[in-house]
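Protein chains in written order, with this note's numbering: chain L, 7 to 265; chain C, 397 to 684.
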Amino acid sequence: MSDLHDMQQRFMDYLLDESTTIVDEIESTPMRSAKGRLDIYASAYRLRLKEAITTDYDKLALYLGDERFEKLMDLYIDKFPSHTTNLRYFSTHLPELIRDETDYAHIAEVYELACIERAFADSFDAKDLQFATIDDLAALPEQAWGTLSFKFQKSVQIIWLEHNSFPIWKALAEEHTPPKANKSSATAWILWRKSDLISHYRMLAPEEIAILALAMQGENFAVMCEKLLEFYNEQETPMKAIGFLQSWITEEMLAGFEY
Amino acid sequence: MERPFLGFGLGLRTAHYEHVIENKPQVDWFEIISENYMIPGGKPLAHLDKIRQDYPMVMHGVSMSIGSTDPLNVDYLKKLKTLIDRVEPQWISDHLCWTAVNHVNSHDLLPLPYNEATISHIVDRIKQVQDTIGRQMLIENLSSYVTYNNSEMPEWDFVNEIAKRADCYILLDINNIFVSANNHHFEPQDYINGIDSDRVMQFHLAGHSYNGDMIIDTHDHDVCDPVWSLYEYALGRFGAVSTMIERDDNIPPFEELRQELAIAEKIAAKVLTPQQLHISNKSSLGVA
């Protein structure tokens, strides 16, 4: 099959704008030359990939405007040929491209907006797990608390932002003029999908992200309480820790317990 | 084997999920794009499960890349099998094309040269796929815009030979025949006359767009009159074949599409007897 393989590689090279040797293997007709016929595929290739990127990053597209977003998509398509069978995953490296290889490296909200949109996409179709309940928590045996750790929903994502990127994203989503980008101290946001199948998000207080990060790494409840001592006194800490745990359950972030 | 007849279906699209779930419109079956549901979880799968409770389904893939010279994508086939187990479709289909080479994916349905070497290559791969998923599949004819210099036979002979040797079935896209006939200067009726009737299991209908004097398979318009005429001709040749309309862009409200599907039903009622149009969807195709 080496002839067919070589032909397919030459065809792909044409789509990727790397070589035109395939032209000699295609019939020209009075209706359309071989090159004109191949160009139908080449145009469709870029158009289809751009549609996929725009679907995943539609707020970023609005924020940048047509011309700049078009340029960004062209760069992405050139740098990241698709290695996935599912277009849903094609645009996954766009935030990294923005951060590492574009003029937007010094316009941090552009990278952050891309991170937010990718997090929404990843949360949207993350694996379904059951939701832990307060009753499940209450039913834990007393000895469980010594080693208790937590299993989070696959849709849970933490994003660190140094700008008001979520308000910008929200304004764009509601088709309002976005606020001016402002740098602030780094804040953590959590984004996850509830049982209503809709993705939700909120900001995390410093003490909450401190223990949430530990919990998501698989650390146990005792370690989390120890961390909370940096924020609260010994009397307050256990109730605060239980409070966070209960809110993660009622907000449908937790899938279960391990001990 | 007697051809199962599902009746008249539509492509299930995101824009219509809520309408279908709330109103349970009268449609005999739905075709899903397999890749849209080859994901871990979330809303698309939840909607799919709900709608599957009320309608028979078939699965239609766009990424098997059966004609590629890359090894068959084992991960893709595993995910496909998982989805088959979930949906329990009447049958599954993909395109007689290649989409990727050296693991770079074009996300397009790229044509193949019609010759013996390509036939042998694809027959082996279809057999591997059918062994892996444990059932026979359907292969669909493309719309195409190029002809390779090393093609040695008409497309319909190529399709027949593969279906016969791989022991699979044919999803005949009537619009694709019309599009390719225009772009490659053959008579669409010759294509239909040339296809082995015993292998045809499903029809696709769709709209298209013009690019100068070439036609592009865009699925963004209503089915046009010449394609309806060709559909009527195909029904006369093949008898009752499960028929659906594909719409992927410029998607109208569900009821508009439903009305378009009624045109297919009306044409079939004109060409075929009520006995021929009796729906027989009790068994899934080729399940081992």
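Note that beta-carbon positions come from the ideal geometry of N, C-alpha and C, so glycine has one too. This one's a predicted model, so the numbers in the text were calculated from it and none came from an experiment.
Around V555 (chain C), the same chain offers L492, I535, N537, I566 and I591 as residues with beta carbons nearer than 8 Å, after the five sequence neighbours per side are excluded. Listed along chain C, the residues sitting closer than 7 Å to Q15 (chain L) by beta-carbon distance are V497 and N498. Shortest Cα-Cα distance from I641 (chain C) to any of C:Q655, C:G635 and C:E431 involves C:Q655. In this structure, L673 (chain C) sits near A636 (chain C), with a CB-CB distance shorter than 8 Å. Counting along the chain, the unbroken alpha helix (DSSP H) around N572 (chain C) starts and ends at I570 to H580. In the DSSP assignment, R199 (chain L) falls within the beta strand (DSSP E) that extends over K189 to R199.
Counting C-beta atoms within 10 angstroms of its own C-beta, Y69 (chain L) has 16 or more neighbours from the protein chains shown and is therefore classed as buried. Going by C-alpha positions, P212 (chain L) is about 11 Å away from K233 (chain L).
Around S161 (chain L), the same chain offers S129, A132, W198 and R199 as residues with beta carbons nearer than 6 Å, after the five sequence neighbours per side are excluded.
With respect to A192 (chain L), I174 (chain L) sits apart: the two C-beta atoms are not nearer than 8 Å.
For N501 (chain C), the enclosing beta strand (DSSP E) starts and ends at V500 to L506. Under the Cβ distance rule, T90 (chain L) counts among the residues neighbouring chain C, one pair being separated by less than 8 Å. T153 (chain L) sits close to N226 (chain L), with the two beta carbons spaced by under 8 Å. For M37 (chain L), the residues of chain C that pass the 7 Å Cβ criterion are D609 and M610, in the order they occur in the chain. Closest option to A247 (chain L), judged by alpha-carbon separation, among L:T256, L:S34 and L:I217: L:I217. Using a Cβ-Cβ distance cut-off of 8 Å, the segment 430-446 of chain C and the segment 457-470 of chain C are in contact, since at least three pairs of beta carbons, one from each stretch, lie closer than that value.
The beta-carbon separation of N589 (chain C) and R633 (chain C), rounded to 7 Å, stays under the 8 Å limit for a contact. Within the segment 597-646 of chain C, the alpha helix (DSSP H) runs of at least 4 residues that lie entirely inside it are, in chain order, 621-634.
Under the Cβ distance rule, F130 (chain L) counts among the residues neighbouring chain C, one pair being separated by less than 8 Å. With contact defined as three or more Cβ pairs closer than 8 Å, the segment 247-265 of chain L and the segment 405-414 of chain C are not in contact.
DSSP, reduced to helix, strand and coil, places K186 (chain L) outside both helices and strands of the structure shown, so it counts as coil. When the beta-carbon positions are compared, T495 (chain C) and S540 (chain C) stay at least 8 Å from each other. Closest by C-alpha distance to S605 (chain C), out of C:Q598, C:W552, C:V596 and C:D644, is C:D644. Annotated three-state conformation of M453 (chain C) is strand, per DSSP.
A residue is called buried when at least 16 other Cβ atoms come within 10 angstroms of its Cβ; H503 (chain C) meets this threshold and is buried. The beta carbons of Q486 (chain C) and P421 (chain C) sit about 19 Å from each other, so the pair does not count as a contact at 8 Å. For I573 (chain C), there are no C-beta contacts with chain L under 8 Å, since the nearest C-beta of that chain is about 18 Å from it. Per DSSP, D553 (chain C) lies in no beta strand (DSSP E); the unbroken alpha helix (DSSP H) holding it starts and ends at E551 to A562. It is roughly 6 Å from the alpha-carbon of M209 (chain L) to the alpha-carbon of I196 (chain L). Interface residue (Cβ-Cβ distance to chain L less than 8 Å): N537 (chain C) is not classified as such. Between the alpha carbons of P649 (chain C) and H412 (chain C) lies a gap of roughly 7 Å. Each of C:T543, C:I447, C:R531 and C:H443 was checked against the Cα of D424 (chain C), and the nearest Cα belongs to C:I447. The C-alpha of D12 (chain L) lies about 10 Å from the C-alpha of D19 (chain L). Proximity of H503 (chain C) to chain L, defined by a Cβ-Cβ separation below 8 Å, is satisfied.
Minimum Cα-Cα distance from P87 (chain L) among the listed residues L:K176, L:T243, L:G42 and L:L22 corresponds to L:L22. Not flagged as an interface residue toward chain C: H99 (chain L), since no C-beta distance is shorter than 8 Å.
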